[in-house]
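Undergrad:
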Amino acid sequence: MNEALTDPPGSQTPAQPQRAEAAPRRRDPLALVVRFQSLIGLVLVVIGGIAFSPRRHGQILFLAPDNIANIVRAVSETGIIAIGMTFVIITAGIDLSVGALLGLSSVLTATMMIYGGFGLLPTLAAVLIAGIVFGAIQGTISTRFRLEPFIVTLAGLQAARGLALVVSDNQYINISYGDGPGLAPPVFAVLGERLFNNVVPVATVVFVVFAAIATIVLNTTRYGRYVFAVGGNERAARLSGVPVSAIKISVYAITGFAAAVAGIVHAGQFNFGSANDGMGYELTAIAAVVIGGTSLFGGAGSMVGTVAGTIMLGALANVLQLNNITPALQLLATAAIIVLAAVLQSLVRRREGLIR
Amino acid sequence: MEVDGRPDKLDTIHASRRAGVAFVTDDRRGGGLMLQMTVGRNLVMSVLRAISPRGLMSKRLENEAVKRSFGQFDIRPRNVELKVGALSGGNQQKVVLAKEVLGSPKLLLLDEPTRGVDVGAKGEIYARLRELAAQGLGILVASSEMPELIGLCDRIVVLREGRSVAEFQGAVDEHTILEAAAGKAFHE
Numbered sequence: 292m293n294e295a296l297t298d299p300p301g302s303q304t305p306a307q308p309q310r311a312e313a314a315p316r317r318r319d320p321l322a323l324v325v326r327f328q329s330l331i332g333l334v335l336v337v338i339g340g341i342a343f344s345p346r347r348h349g350q351i352l353f354l355a356p357d358n359i360a361n362i363v364r365a366v367s368e369t370g371i372i373a374i375g376m377t378f379v380i381i382t383a384g385i386d387l388s389v390g391a392l393l394g395l396s397s398v399l400t401a402t403m404m405i406y407g408g409f410g411l412l413p414t415l416a417a418v419l420i421a422g423i424v425f426g427a428i429q430g431t432i433s434t435r436f437r438l439e440p441f442i443v444t445l446a447g448l449q450a451a452r453g454l455a456l457v458v459s460d461n462q463y464i465n466i467s468y469g470d471g472p473g474l475a476p477p478v479f480a481v482l483g484e485r486l487f488n489n490v491v492p493v494a495t496v497v498f499v500v501f502a503a504i505a506t507i508v509l510n511t512t513r514y515g516r517y518v519f520a521v522g523g524n525e526r527a528a529r530l531s532g533v534p535v536s537a538i539k540i541s542v543y544a545i546t547g548f549a550a551a552v553a554g555i556v557h558a559g560q561f562n563f564g565s566a567n568d569g570m571g572y573e574l575t576a577i578a579a580v581v582i583g584g585t586s587l588f589g590g591a592g593s594m595v596g597t598v599a600g601t602i603m604l605g606a607l608a609n610v611l612q613l614n615n616i617t618p619a620l621q622l623l624a625t626a627a628i629i630v631l632a633a634v635l636q637s638l639v640r641r642r643e644g645l646i647r
Numbered sequence: 011m012e013v014d015g016r017p018d019k020l021d022t023i024h025a026s027r028r029a030g031v032a033f034v035t036d037d038r039r040g041g042g043l044m045l046q047m048t049v050g051r052n053l054v055m056s057v058l059r060a061i062s063p064r065g066l067m068s069k070r071l072e073n074e075a076v077k078r079s080f081g082q083f084d085i086r087p088r089n090v091e092l093k094v095g096a097l098s099g100g101n102q103q104k105v106v107l108a109k110e111v112l113g114s115p116k117l118l119l120l121d122e123p124t125r126g127v128d129v130g131a132k133g134e135i136y137a138r139l140r141e142l143a144a145q146g147l148g149i150l151v152a153s154s155e156m157p158e159l160i161g162l163c164d165r166i167v168v169l170r171e172g173r174s175v176a177e178f179q180g181a182v183d184e185h186t187i188l189e190a191a192a193g194k195a196f197h198e
């Protein structure tokens, strides 16, 4: 690093022409690809989907409105979680508890309405607050005791599953609708329905609204800058006056909130609460975030990328399903895409001189 | 410690910043910069609060702040969208300094301010620091480079084992400083 230290500073030479500064660098094509990798991937998957889609009476099944509605409905729960996860990963953290927390939230929602006799709003409020608190506790433990979030949220995963099993007594809690004790308010069933001439799934609307709010928060608020700063360089952030601990705790509160929203949507879509649901959702969400171009090293990422990554994974699974390709191959295809995304990211980091 | 005549412990980063004390570490990659972020985003890091009224980032205030920084330090290339990691050591150091100066501190603490900085950028950084000092900013430099201290400082204090052992104002040569730093053992 040290260049020759010979110039007597007393001489106060006016700024010399800069050494080896090179002309402003042209946009690195690789960086450009990585920046839009999830959108490019999405386009490729859609083109592949159209090309390989089975046809019926000349209609491309992949593009049938029902099929598209299916894709965006199927990804809405993991998508909501991935949105929250994006905040955490930008701070260079990780949250493994979200799938289990979705299960716990679905159980809580069903239990409160069916066995607790609570109305819709108290139930929703309680479940959302529980999710926020659960996440904030994990964030607090992680920052307070300087533990890797990987470990803390791994424990959180177990805790959430355990709590869900206790609350539900390991039973499906079916949600039936109506007025009176033991029945849920009929309006809750709307989460399983479609809007606008029975086209747009309500779950997808929740996902899109959540994504829009998250995009605004990340890109236009001071809070968003703080999140990037913590992941970009924690020590520098602290020296610059960023409230690092508070930000770290808050992002886990956000994933907790997201998991609770997803759990409520889950309960509404399937009309039951189940302690074992949401298993592996955390990994799908993390995959979507990484494919979306957000760096696991922190400090870089985008919400649009996460949304595109989420839909891309859903569309890919859908194309393979339409062609009756086994789930085993779906997993392998997803694996290949994750590796590709990670390799691209690493190449760009190398070029930018972040790795030596 | 006293700040403006009032006692203040300055025992946290928050307290120090509030009192107008800014610190530039000797380890800019480890504690100064967010390398994968743009020059612009790094520059405004210490004034985020001021440029985000009601929590919302103001593009106008942010651009003004960045422009002020570029006016003060000749950061090359003049491209706010470039990742800081892509700049030369000298220009990275200018970004770190510009970032802290932007926060209008009353006292600037610099640890090895020109470590790994090329000669041209060094001269420029010294010139800027002298200017800022002339404008009334207090600057405290810790350095192991004698020529740097001699050229830059109004007053040089030599510390040995945590205690002040000598103080120089005005002309002084490298040998004298080293002698004071090494203590009597140096003569024998």
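Just so you know, the protein sequences line up as chains S and X, in that order.
Residue numbers for the first sequence follow our numbering, so the first one is 292 and each next one is one higher.
Residue numbers for the second sequence follow our numbering, so the first one is 11 and each next one is one higher.
Quick reminder that beta carbons are idealized off the backbone N, C-alpha and C, glycines included.
Mind listing the chain X neighbours of residue 530 of chain S? Cutoff is C-beta to C-beta under 8 angstroms, in chain order.
TA: Going along chain X in sequence order, the residues near residue 530 of chain S (Cβ under 8 angstroms) are 23, 33, 35, 41, 42.
Undergrad: To the nearest angstrom, report how far apart residue 475 of chain S and residue 386 of chain S are at their CA atoms.
TA: If you take the alpha carbons of residue 475 of chain S and residue 386 of chain S, they lie about 31 angstroms apart.
Undergrad: I'd like the list of long-range same chain contacts for residue 336 of chain S, defined as Cβ closer than 6 angstroms, with 5 residues on each side in sequence excluded.
TA: Closer than 6 angstroms at Cβ, skipping near neighbours: 603, 606, 607.
Undergrad: Span of the alpha helix (DSSP H) holding residue 509 of chain S?
TA: First-last of the alpha helix (DSSP H) with residue 509 of chain S: 493-511.
Undergrad: Do residue 393 of chain S and residue 537 of chain S count as a contact pair if the criterion is CB distance below 9 angstroms?
TA: Not in contact: residue 537 of chain S and residue 393 of chain S (Cβ atoms no closer than 9 angstroms).
Undergrad: Using 10 angstroms around the beta-carbon of residue 617 of chain S, count the other beta-carbons present and answer buried if the total reaches 16, otherwise exposed.
TA: Flag for residue 617 of chain S reads exposed.
Undergrad: Quick one: what's got a C-beta closer than 6 angstroms to residue 505 of chain S's C-beta in the same chain, skipping five residues either side?
TA: Excluding residues within five positions, the ones whose Cβ falls inside 6 angstroms are 374, 594.
Undergrad: Short check: CB of residue 85 of chain X to CB of residue 97 of chain X, under 9 angstroms?
TA: Closer than 9 angstroms, so yes.
Undergrad: How many Å lie between residue 123 of chain X and residue 103 of chain X at the Cα?
TA: If I take the Cα positions, the gap works out to 8 angstroms.
Undergrad: Who are the Cβ neighbours of residue 321 of chain S in its own chain at under 8 angstroms, not counting the five residues just before and after it?
TA: Here the set comprises 635, 638, 639, 642.
Undergrad: Kindly indicate the opening and closing residues of the alpha helix (DSSP H) around residue 433 of chain S.
TA: Note, residue 433 of chain S: alpha helix (DSSP H), 411-435.
Undergrad: Identify every residue that forms a DSSP beta bridge with residue 32 of chain X.
TA: In the DSSP output, where bridge partners are listed per residue, residue 32 of chain X has X:118.
Undergrad: Excluding sequence positions up to five away, which residues of its chain have a Cβ less than 7 angstroms from the Cβ of residue 408 of chain S?
TA: So the list reads 472, once near-sequence residues are dropped.
Undergrad: Do the segment 585-593 of chain S and the segment 426-439 of chain S make contact, defined as three or more Cβ pairs closer than 8 angstroms?
TA: No contact exists between the segment 585-593 of chain S and the segment 426-439 of chain S.
Undergrad: Using C-beta distances below 6 angstroms, list every residue in its chain close to residue 495 of chain S, excluding the 5 sequence neighbours before and after it, in chain order.
TA: Result list for residue 495 of chain S: 363, 364, 367, in chain order.
Undergrad: Do residue 92 of chain X and residue 2 of chain X count as a contact pair if the criterion is CB distance below 9 angstroms?
TA: The requested residue 2 of chain X does not occur in the structure, where chain X is confined to residues 11 to 198.
Undergrad: Which residue marks the beginning of the alpha helix (DSSP H) containing residue 133 of chain X, and which one marks its end?
TA: That run of the alpha helix (DSSP H) goes 129-144.
Undergrad: Leaving out five residues before and five after residue 599 of chain S in sequence, what residues of the same chain have Cβ atoms less than 7 angstroms from its Cβ?
TA: Closer than 7 angstroms at the Cβ level, and outside the excluded window around residue 599 of chain S, lie 329, 330, 333, 583.
Undergrad: Mapping DSSP to helix, strand and coil, what is residue 12 of chain X?
TA: Correct three-state label for residue 12 of chain X: strand.
Undergrad: Express the C-alpha separation of residue 576 of chain S and residue 376 of chain S in angstroms, rounding to a whole number.
TA: The straight-line gap from Cα to Cα measures roughly 7 angstroms.
Undergrad: For the candidate residues S:566, S:596, S:632, whose alpha-carbon lies nearest to that of residue 454 of chain S?
TA: Ranking S:566, S:596, S:632 by Cα distance to residue 454 of chain S puts S:566 first.
Undergrad: Is it buried or exposed for residue 356 of chain S, if we count other Cβ within 10 angstroms and need 16 for buried?
TA: Looking at its Cβ environment, which holds fewer than 16 other Cβ atoms inside 10 Å, residue 356 of chain S is exposed.
Undergrad: For residue 342 of chain S, count neighbouring Cβ atoms within 10 angstroms of its own Cβ and tell me buried if that reaches 16, exposed if not.
TA: So residue 342 of chain S ends up on the exposed side.
Undergrad: Quick check: is the beta carbon of residue 586 of chain S nearer than 9 angstroms to any beta carbon in chain X?
TA: Cβ-Cβ to chain X under 9 angstroms: yes for residue 586 of chain S.
Undergrad: Counting contacts by CB-CB distance shorter than 9 angstroms, is residue 65 of chain X in contact with chain S?
TA: Closer than 9 angstroms: yes.
Undergrad: Kindly list the residues whose CB is nearer than 6 angstroms to the CB of residue 441 of chain S, restricted to its own chain and excluding five residues on each side of it in sequence; keep chain order.
TA: So the list reads 385, once near-sequence residues are dropped.
Undergrad: Can you list, in chain order, the residues of its chain whose CB lies under 7 angstroms from that of residue 403 of chain S, leaving out five sequence neighbours each side?
TA: These residues qualify, in order along the chain: 409, 414, 417.
Undergrad: For residue 327 of chain S, which three-state DSSP category applies?
TA: It is coil, neither helix nor strand.
Undergrad: Going by DSSP in three states, residue 177 of chain X sits in which element: helix, strand or coil?
TA: Three-state result, residue 177 of chain X: strand.
Undergrad: Can you list the residues of chain X that residue 514 of chain S reaches, using a CB-CB cut of under 7 angstroms?
TA: What residue 514 of chain S touches in chain X: 65.
Undergrad: Under 9 angstroms Cβ-Cβ, which residues of chain S neighbour residue 58 of chain X?
TA: Per Cβ cutoff of 9 angstroms: 513, 516, 517, 520, 531, 532, 533.
Undergrad: Does residue 147 of chain X come out as helix, strand or coil in the three-state DSSP assignment?
TA: In this structure, residue 147 of chain X counts as coil in the three-state DSSP scheme.
Undergrad: Using a threshold of 9 angstroms, state whether the C-beta atoms of residue 151 of chain X and residue 163 of chain X are closer than that.
TA: Yes, they are a contact pair.
Undergrad: Would you please state the rounded distance, in angstroms, between the beta carbons of residue 370 of chain S and residue 396 of chain S? I believe it to be under 8 angstroms.
TA: Contact flag wrong, Cβ pair sits at about 16 angstroms.
Undergrad: CB-CB under 6 angstroms to residue 388 of chain S, same chain, minus the five flanking residues each way: which ones, in chain order?
TA: Once the five neighbours on either side are set aside, the close Cβ partners of residue 388 of chain S are 444, 447, 448, 451.
Undergrad: Report yes or no: is there a C-beta of chain X within less than 9 angstroms of the C-beta of residue 590 of chain S?
TA: Chain X contact via Cβ: present.
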